[in-house]
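Colleague: This is the structure, below, for whatever I ask next.
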Amino acid sequence: MKPFIIILICINFSCNTVQKTLNTSSQKEAIIYYSKSPCHGKCPVYDLWIYNDGSISYSGISNVPVVKNINRKLDNREIKTLKNILNEDPHQDVIFKKRLDRSITTLRFNNKEYKYYNSSDNDYIKKLDKKLKSIVERIISNVENDT
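Each residue of the sequence shown is one higher than the last, beginning at 100 in this note's numbering.
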């Protein structure tokens, strides 16, 4: 009887741990991932994650003024504006043809991934790209002003 009770206790604790992990990961799941890849020149390389609660994780990798990890928070108005943009329909697919020595932008949201170069023919992607670039620029300028 003792081994049976021990097994039940172990199962109960493991189930609680799994549930806590699931709750934590869903709270910190990125609603958008925005990334600039390297090229053979001086292209800026960074990653940006924006989470449902408005928190931001920026990772400056190379050829950017701030090469480090930064955590910030968007104000409620800005996260609402961004979520409204994300809920719009892109209306058309983004056509991606691989080219040599061009920085690729990766944009992941709503369970879809888009890859494109600095210029995209899709107006929706241009609008979202412009918004995300302004967020990155503001993060960098705030850090530069803090130092």
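All C-beta atoms, glycine included, are put in the ideal place defined by N, C-alpha and C.
As the structure is a prediction and not an experimental result, all values here were calculated from the model.
Tell me which same chain residues have a C-beta within less than 6 angstroms of the C-beta of LEU231, skipping the five on either side of it?
Modeller: Here residue 231 refers to the residue found at position 132 of the sequence shown. Counting only Cβ-Cβ distances below 6 angstroms, and skipping sequence neighbours, we find TYR133.
Colleague: Quick one: is GLU243 buried, meaning 16 or more other Cβ sit within 10 Å of its Cβ, or exposed?
Modeller: As a position in the sequence shown, residue 243 is number 144, starting the count at 1. Answer is exposed; the Cβ neighbour count stays below 16.
Colleague: Pull up the distance between the alpha-carbon of SER240 and that of ILE169, whole angstroms please.
Modeller: Residue mapping note: residue 240 aligns to position 141 of the sequence shown, counting from 1. Residue mapping note: residue 169 aligns to position 70 of the sequence shown, counting from 1. Distance between the alpha carbons of SER240 and ILE169 is about 12 angstroms.
Colleague: For SER161, count the other beta carbons within 10 Å of its own beta carbon; 16 or more makes it buried, fewer makes it exposed. Which is it?
Modeller: Counted from its first residue, the sequence shown places residue 161 at position 62. Flag for SER161 reads exposed.
Colleague: Between the C-alpha atoms of ILE131 and ILE203, what's the straight-line distance to the nearest angstrom?
Modeller: For this step, residue 131 is matched to residue 32 along the sequence shown. For this step, residue 203 is matched to residue 104 along the sequence shown. Cα to Cα, the separation comes out at about 16 angstroms.
Colleague: By the DSSP assignment, the beta strand (DSSP E) with VAL144 in it spans what residues?
Modeller: For this step, residue 144 is matched to residue 45 along the sequence shown. From DSSP, the beta strand (DSSP E) with VAL144 extends over 144-150.
Colleague: Pull up the DSSP beta-bridge partners for GLY140, would you.
Modeller: Counting from one through the sequence shown, the residue named residue 140 turns up at place 41. GLY140 is not bridged to any residue.
Colleague: Quick one: what's got a C-beta closer than 7 angstroms to GLY159's C-beta in the same chain, skipping five residues either side?
Modeller: What you label residue 159 is simply residue 60 of the sequence shown in a count that begins at 1. The residues are TYR145, VAL165, VAL166, LYS167.
Colleague: Apart from the five residues on each side of it in sequence, which residues of its chain come closer than 8 angstroms, Cβ to Cβ, to ASN175?
Modeller: On the sequence shown, residue 175 is found 76 positions in, with the first residue counted as 1. So the list reads GLY153, once near-sequence residues are dropped.
Colleague: Among the candidates LYS127, ASN151, CYS142, ASN210, whose CA atom is the shortest distance from the CA of THR180?
Modeller: In the sequence shown, the residue the question calls residue 180 occupies position 81. Selected option, being the one with the closest Cα: ASN151.
Colleague: Would you identify the three-state DSSP class for THR187, choosing helix, strand or coil?
Modeller: Within the sequence shown, residue 187 is the residue found at index 88, counting from 1. Contrary to the premise, residue 187 reads as Glu rather than Thr in this sequence. GLU187 falls in the coil class under three-state DSSP.
Colleague: Kindly indicate which residue of GLU177, ARG207, ILE234 has the alpha-carbon position closest to the one of VAL193.
Modeller: In the sequence shown, residue 193 corresponds to position 94, counting from 1. Minimum Cα distance to VAL193 is reached at ARG207.
Colleague: Quick one: using the 10 Å Cβ neighbour count with 16 as the cut-off for buried, is ASP228 buried or exposed?
Modeller: Here residue 228 corresponds to residue number 129 of the sequence shown, with the count starting at 1. Buried is the call here.
Colleague: Beta-carbon within less than 8 angstroms of ILE224's beta-carbon, same chain only, minus the 5 sequence neighbours each way: which residues are those?
Modeller: If you number the sequence shown from 1, residue 224 lands on position 125. Cβ neighbours of ILE224 beyond the five flanking positions: PRO189, VAL193, LEU206, TYR213, TYR215.
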